[in-house]
Amino acid sequence: MKMNIVEAKNVTLAYKNYLALKDVSFNIKKGTVLGILGESGVGKTTLLSLIVGLIKPSSGRILLNLDKTKIGFSFQTPSFFDELTVEENIEYFGKLFGLSKTELARNKKFLLGFLELKDYSKKIAKELSGGMRKRLDVILSLLNDPELIILDEPVGELDPFLREKVNELISIYNKKGATIVLTSHYLSDLMDVCEEFIILKDKSVIFSGSFEELLSKLDVNYKTQIVLENERDVELFKTIFRYNESLSVRNKVIFLHKDKPLFYKLLLHFIKKNNIKVKEIKVTSPELRDLFLDLVSNKERSLKPDKAEEENKSDVDKKEQTLA
Amino acid sequence: MIRTIFEVIKKDLKLLMRSKFSSLVILLTPLLIILITGVALENQTNFYITVGTYSQSYSHLSKSYISNLESNSVIVEYFDSEQECIDAVKIGKVHACVVFSPDLRIEEKYNGFIRFYVDYSHLNLAWIIKDLLFTSAEQESKEISQNLIDDLISVVELTNENVDKEKAELTNLATSNDKLSSIFSTLYSYISVLHPEYDLSKLKISDLSDAASSLKLKSTGVISLASNKLSELSSSLDSLKSTISAMNNSEVEATLLPKIDQMKADIVSYQQLLTSNKNSIESEAGALESYISNLKSAIDELSQILNQVKISQEKSIEYVNDGKQEAVNLLNYIFSLQKSINEIEKKIDEINILSSGKIAEPFKTEIKSVTPEKQSITLLFPIILSLMILFVSLVVSSTLVQMEKQSEAHIRNITTPTKTIVISLGIFLTTLFIVLFQFIISMISIAPLVNIPNFFLRFSSALLLTLISSPVFILIGILIGSLSKSEQGSLILTILVALLLIIFSGMIYPLEGFPRGFQMVLKLNPLYLSNYFYNQVFVKDAALSQMLLQILTQICWLIGLFISLILLQDLFDEKFLSRHTTKALHRPKKKASNKRANSQEYAKLTKLLLELNHILSPKNKLTKDQVDEAKRLYLEALAIYQKLDKRTKEEFFDELNLIHKKLSAL
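Taken in sequence, the protein lines are chains D and X. Each residue of the first sequence is one higher than the one before, counting from 11 in my numbering. Each residue of the second sequence is one higher than the one before, counting from -18 in my numbering.
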């Protein structure tokens, strides 16, 4: 059993009248790649800052089972000196981290080469493009071979190729034993690299676990996409089983469902009855993005509670009342 | 740690040098200051001062005063009224106003005045103007005073001569008075021995009168008796004669009768004589009586006279005594006068300075510089150097701290094993390096402009003192930078602290103008000490040993500030993180509020972007339809984006821009 490198217990963060995070509890296992999902402004970066120790919680606690200096991070805003060159920034922070010349040279060579910044190593940081800046920030976050790597939107401004490179880098460091916590709007990327996920909604953690656990909790096995000939027919589908508006765009209607035969029986019946002209019907496995959008944007959507959760529910209610 | 500090210094220097403005400021500021002041003040010892003047009528004296001012390179401007002249000072048209009374003359009957109006708001200039005006007035007044003293001295000399002369007369007067006094004494002895008292009864005038009467009586009685006897004798003779005749003896008759007749004739003549004598005696007795009576009257008169004499004698004695006393007093006066005259003479003799110039100006007042220099630049150099070091130290250190803190990189600094104090030390040494660099530039650039002997020998002392003073300001700058939330706040606080240090450094207003107790405190001002050091080294050519106390005070500041920085470092880190928390928490709050404000557009745009990202995912090999679809979605997203407020637009810009680039690439 993997040990927890981070343990967050009932963490609440409030500032004046603003509640940033509400009673958040989760554990991050050592050596895991964890993705944090949530809408913009839900508190993902705040949560990462709490883990790094840049923000102190108002209540609750975050335990780090590692030396604080063994954390590497890259937040949305790059943390380096704009007036220094790429190389100078690397060397400066390398020395601040106390790396030996050899370690520094080795890491610098590897990271610059891997993230294709070698040709720009003499360039002043402020002259770099957004993607390059992001890459430099990622390099700095990995420079000291950290045990815990926090990456906030690491591929935000990168082209698909470099996104792949970063994802690969994440895998490399993970293989080296590092625990990685990251956020990204590219949910497919998260799906590729993350073993576990935390989903935030309304300032709280609504899910923490693997993708399979998420599927199980959402009670979903399939994703059916129907492309309609007539866009106005979309409205008709709103009435039927688990239609998700946020997943549906223009003439596309997407359904997430568990049982295949029953669903299709109902669906075909509905199409026939309403004389809806269908261009295409595609059945796939649901992706993380689908589940996330379904979970986050659908107000009525709720997870199937665990037994333990059910038991704890009354306690949580009590705690909320106390906080209120 | 040294390696890390060296890295921090290297980084800070790079940061400063790569900011064109900062490097320009660092390199050019000292050169600029020194060059401008040097060129402007080289060989310049005078100030260009304009003085306004007004008088109802300018006397010779006032004209002379004005020409004196003009000869001192002062531009004199004439005004039609006193108020105009004052107003001109107020608006800065002239530096001072001099008002002469129309009766500004030396003569005693005139009460002339010179009134100065000086603008004290030009604090430093006010003293120069005041000095200039008063020096001119003093010069003028000295000349007048010298003339007056000349007159006075000639009078004194004349008096001295007269006193000499009169001193002999005074001796004569004393001698005469002595004589007079002895006369009075003699007179007194004479008068005092007089006894104008006589018992006139002793004269027994009544006895004399009685005797005279008795004599008269007895004389007349005798005479009568004799006459009677003579008559009896005559009768007897007649009887004899008859008898003889009766005897008829002729012979007898002849012999006796003529004799008897003779005798009878004699008796008759005797009788007549007696009668005559009696008459005479009576007359004489009458005369004697009259004489006695006169004598009595005379004695009475004499008695009166004697009384009067006595009274007079008494009065005379009184007067003589008074006279004697007066003579004594007079003598005393004479002695006193003689003494005074002697003293006056002595005093006059003691006046060994009889030159009017010497009296009008008993000693030559000469204000000389302790150094042979008079160039303003030389005198200003310590101040310029102190201010430059103050500002460079404060501004560079606080700016570097702010650059560090405001940079997102500082978050990474905090999470490295390197402690923040090491970074602060790096900033400290970087700033010190810059200050020393500027100091050297200043010294090199000022050297040809000033005439300071052994300039480069003093350089080493000044360098050492800079190494003591500058760190104090650097540490203050680091504390300011660490305390301030923003660069603006840091700059304002830096200016404020610099201002306070300058105000209480004696550079603007002399510390001697403050209460004594306060002065002692103000003399601990590090800027005062810094200025003191440079002044001692460059102007007074003092050795370091002469300023040991001040050096120790500055070192105490240095140690105190350094300890404060170490103690406060953790607090600063906490404050930084607390501010970071606030910032981090405010950011989503704004987003959330924006989101609420644009909730529909926000949701639509998020959805569209997710869709676009999904389509443009590198895993997907895009068909033409997908590309068209992506373009259509992008345009739709763009339309929504344009409806958003500025802040929300910023939030979406990067993502939208990236999608745009991706689409363009397709």
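Virtual Cβ for every residue (Gly too), placed ideally from N, Cα, C.
query, result
"X/N394 to X/M501 span [Cα, whole Å]", "43 angstroms"
"Closer than 9 angstroms to chain X by CB, D/V176", "no"
"7 angstroms Cβ shell around D/S68 - same chain, five flanking residues per side excluded", "T22, L23, A24"
"Buried or exposed by the 16-neighbour rule on C-beta atoms within 10 Å, applied to X/K1", "exposed"
"Separation of X/T629 from D/V244, as counted between CA atoms", "30 angstroms"
"9 angstroms Cβ cutoff met for X/I459 and X/F409", "yes"
"Any C-beta of chain D under 9 angstroms from that of X/H391", "yes"
"Residue-chain proximity (X/H595, chain D), Cβ-Cβ < 9 angstroms", "yes"
"Chain-ordered chain X contacts of D/E6 [CB-CB under 7 angstroms]", "The shown model of chain D, from 11 to 334, leaves out residue 6 of chain D, and the question about it has no answer."
"Within chain X, the residues that D/L303 reaches when beta carbons sit closer than 9 angstroms", "K588, L591"
"Buried versus exposed, by CB contacts within 10 Å (16 or more), X/G494", "exposed"
"Test item: CB-CB of X/A118 and X/Y59 under 9 angstroms", "no"
"Boundaries of the alpha helix (DSSP H) in which D/G70 is found, first to last residue", "Looking at the DSSP string, D/G70 is not in any alpha helix (DSSP H); the run it does join, the beta strand (DSSP E), is 69 to 74."
"D/G108: contacting residues in chain X (beta-carbon distance under 9 angstroms)", "T(-15), T397, P398, T399"
"Any C-beta of chain X under 9 angstroms from that of D/S131", "no"
"Close Cβ partners of D/L73 (< 6 angstroms) along its chain, the five nearest in sequence each way excluded", "E17"
"Where D/D199 falls, given that 16 or more other Cβ within 10 Å makes a residue buried", "buried"
"Backbone secondary structure at X/I427 - three-state DSSP", "helix"
"Burial state of X/R577 (16 or more Cβ within 10 Å)", "Low local confidence applies: a pLDDT of 46 at X/R577 is under 50, so the model's placement there is unreliable, with the coordinate-based value given in what follows. Exposed: under 16 other Cβ atoms inside 10 Å."
"Closer than 9 angstroms to chain X by CB, D/V203", "no"
"Residue span of the beta strand (DSSP E) that contains X/C66, given as start and end", "Unbroken run through X/C66 is the alpha helix (DSSP H), 63 to 71; no beta strand (DSSP E)."
"Chain-ordered chain D contacts of X/L558 [CB-CB under 9 angstroms]", "G63, L64, I65, K66"
"Environment of D/N99 [buried if 16+ CB atoms lie within 10 Å]", "buried"
"Local conformation of X/T672 per DSSP, three classes", "Any answer about residue 672 of chain X is impossible in this case: the structure gives chain X only from -18 up to 647."
"Test: D/T87 CB closer than 9 angstroms to a CB of chain A", "This model lacks chain A altogether, as its protein chains are D and X."
"DSSP state of X/R649 mapped onto helix, strand, coil", "Residue 649 of chain X is absent from the model: chain X starts at -18 and stops at 647."
"For X/C537, three-class secondary structure by DSSP", "helix"
"Proximity test, Cβ basis, 9 angstroms: D/N75 and chain X", "no"
"Outcome for X/L586 when other beta-carbon atoms lying within 10 angstroms are tallied against a minimum of 16", "buried"
"Top-ranked residue by Cα proximity to X/S388, from D/Y28, D/K287, D/K136", "D/K136"
"Identity of the residues DSSP links to D/T56 by a beta bridge", "Bridge partners of D/T56: none, in fact."
"Whole-angstrom distance between X/L269 and X/E650, CA atom to CA atom", "In this structure chain X extends from -18 to 647, so residue 650 of chain X is not present and cannot be described."
"Residue-level contact to chain X via CB, D/R336, 9 angstroms cutoff", "No statement about residue 336 of chain D is possible, as the shown extent of chain D runs from 11 to 334 and does not include it."
"Closer than 9 angstroms to chain D by CB, X/E(-12)", "yes"
"Euclidean distance between Cα positions of X/L593 and D/L224", "24 angstroms"
"CB contact check: X/L639 to chain D, cutoff 9 angstroms", "yes"
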